[in-house]
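Numbering (the numbering used here), first residue to last: 22 to 340.
This is the structure in C-alpha cells:
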C-alpha cells in the first residue's frame, strides 16, 4: 500500500513514523499529517519523543500537554506528550493511599501500604505509552499520526504492552496476597470495605486496556508503521533492528522513506564523495527492501518549518 493510499484509507486509524535519530521522522510525520488534512481527513499528529521537535516543525508551541488545533485548519491538530506532566497525572490517578487513612495506620505501614504507587518499568516510555493507549482507546479523532522517538526508545515503547501486562499482572497477584492483611489492619481504623476491590478492579482495567491497545497496534486494517531512514550504513543497521522488532510485535510495516539524498553537484568534490557513498548504500537498500514501498527523498534546499514548507514536502513525499 502506497503512502497516499495509506493516509486516505478509511479503516486506517493509526500511523507511526519511526527510525534512527536525526533522519527526519518528525518532518515526514508532520508533512504527512498536513497532506492528510488537506485531503479531508480529521488528523491528529502526536509526538512521543522526549526531545520534541514537532513544535519546531509546525512553528507552533504544542508542548502544553493539550491537543491544539493548527491555525489555518479545522481538521488538523497537534500534541507533544509531556513526560513530566504525564508522570504527575499518573501519580494522581494511581495513588492508592486514601486521604482518610488514620495517621497511626499510615505511619505503621510506612512506604509499604500501597504497591500501586510503584512507577511502571521504563518510566518515560511507560508514560508515553499510557498517552498512546489513551488515544487508542478513547479518541474520537478519525486519524492519528504518531511521531515516535528514535529507534531505541520506540523499541522499548513497542515492547511495553508485554512488559506492562506482566507488571500489572504481578501487581494484581501481590495485591490479592496482601489484601487480607491490609484489610485487617485498615479495619482497625476504618469501616470502608470497598477500597481494596476498587484498587484490584483498577489494576485489572489497566491490564485489559493494555491488551486491547496491543491488539489495535497489530491490526493491519487500522495500524501501519512507516520507517524513515537515510542512506548511511548505520541507518541501514538500525532499520534492520527496527524491522525485526516490528515483526516480533506484529506491527504492520510496508513503507520505507529514504530521506536526505544528496542531489548531483559536479562543482563540489566533497558533495560528490558523499553522494557516491549514498548511492552505494541506496543500491543496497533497494536490494534489501525490494518487497517494501520505497520512497526516495532528496535533501531539501531550505529548512522545512511551518505549514507552507510542510505542505510542499508532503506533495513531493506522497504524490
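Beta carbons are placed, not taken as given, at the ideal position from N, Cα and C, and that holds for glycine. Predicted model, so just to flag it, every value in this text is computed and none were measured.
| Asked | Found |
| --- | --- |
| Beta-bridge partners of residue 243, as assigned by DSSP | Its beta-bridge partners do not exist; DSSP assigns none. |
| Given residue 72 as reference, the closest of 330, 240, 33 and 170 once Cα atoms are compared | 170 |
| Inter-residue spacing [alpha-carbon to alpha-carbon] between residue 47 and residue 247 | 12 angstroms |
| Which of helix, strand or coil DSSP assigns to residue 38 | strand |
| Run of the alpha helix (DSSP H) containing residue 51, from where it starts to where it stops | 46-59 |
| Inter-residue spacing [alpha-carbon to alpha-carbon] between residue 75 and residue 161 | 22 angstroms |
| Residue 158 versus residue 64 - alpha carbon distance | 16 angstroms |
| C-alpha gap between residue 79 and residue 267, whole angstroms | 28 angstroms |
| CB of residue 274 within 8 angstroms of CB of residue 318, strictly | no |
| Exposure label - residue 137; buried when at least 16 CB within 10 Å | Only weak support is given to the placement of residue 137: the predicted model assigns it a pLDDT of 46, under 50, and the value that follows is read from those uncertain coordinates. Under this definition residue 137 is a buried residue. |
| Those residues which DSSP pairs with residue 276 across a bridge | 247 and 314 |
| Contact set for residue 24: own chain, Cβ-Cβ below 6 angstroms, skip 5 residues either direction | 276 and 339 |
| Neighbourhood of residue 242 by C-beta, 6 angstroms cutoff - its chain only, sequence neighbours within 5 removed | 32 |
| Burial state of residue 127, where buried means 16 or more other Cβ atoms lie within 10 Å | Because the pLDDT at residue 127 is just 42, under 50, the model does not fix this residue reliably, and the point stays unresolved. |
| Per DSSP, the bridge partner or partners of residue 319 | 282 |
| Residue of 229, 43 and 59 minimising C-alpha distance to residue 332 | 59 |
| Burial state of residue 289, where buried means 16 or more other Cβ atoms lie within 10 Å | exposed |
| Local conformation of residue 170 per DSSP, three classes | strand |
| Short Cβ contact (8 angstroms threshold) for residue 44 with residue 335 | no |
| Local Cβ density within 10 Å of residue 299, reported as buried at 16 or more and exposed below that | buried |
| Assigned exposure category for residue 281 - 16 Cβ within 10 Å defines buried | buried |
| Cβ pair residue 93, residue 328 closer than 8 angstroms | yes |
| Bridge partners - residue 68, DSSP secondary structure assignment | 101 and 168 |
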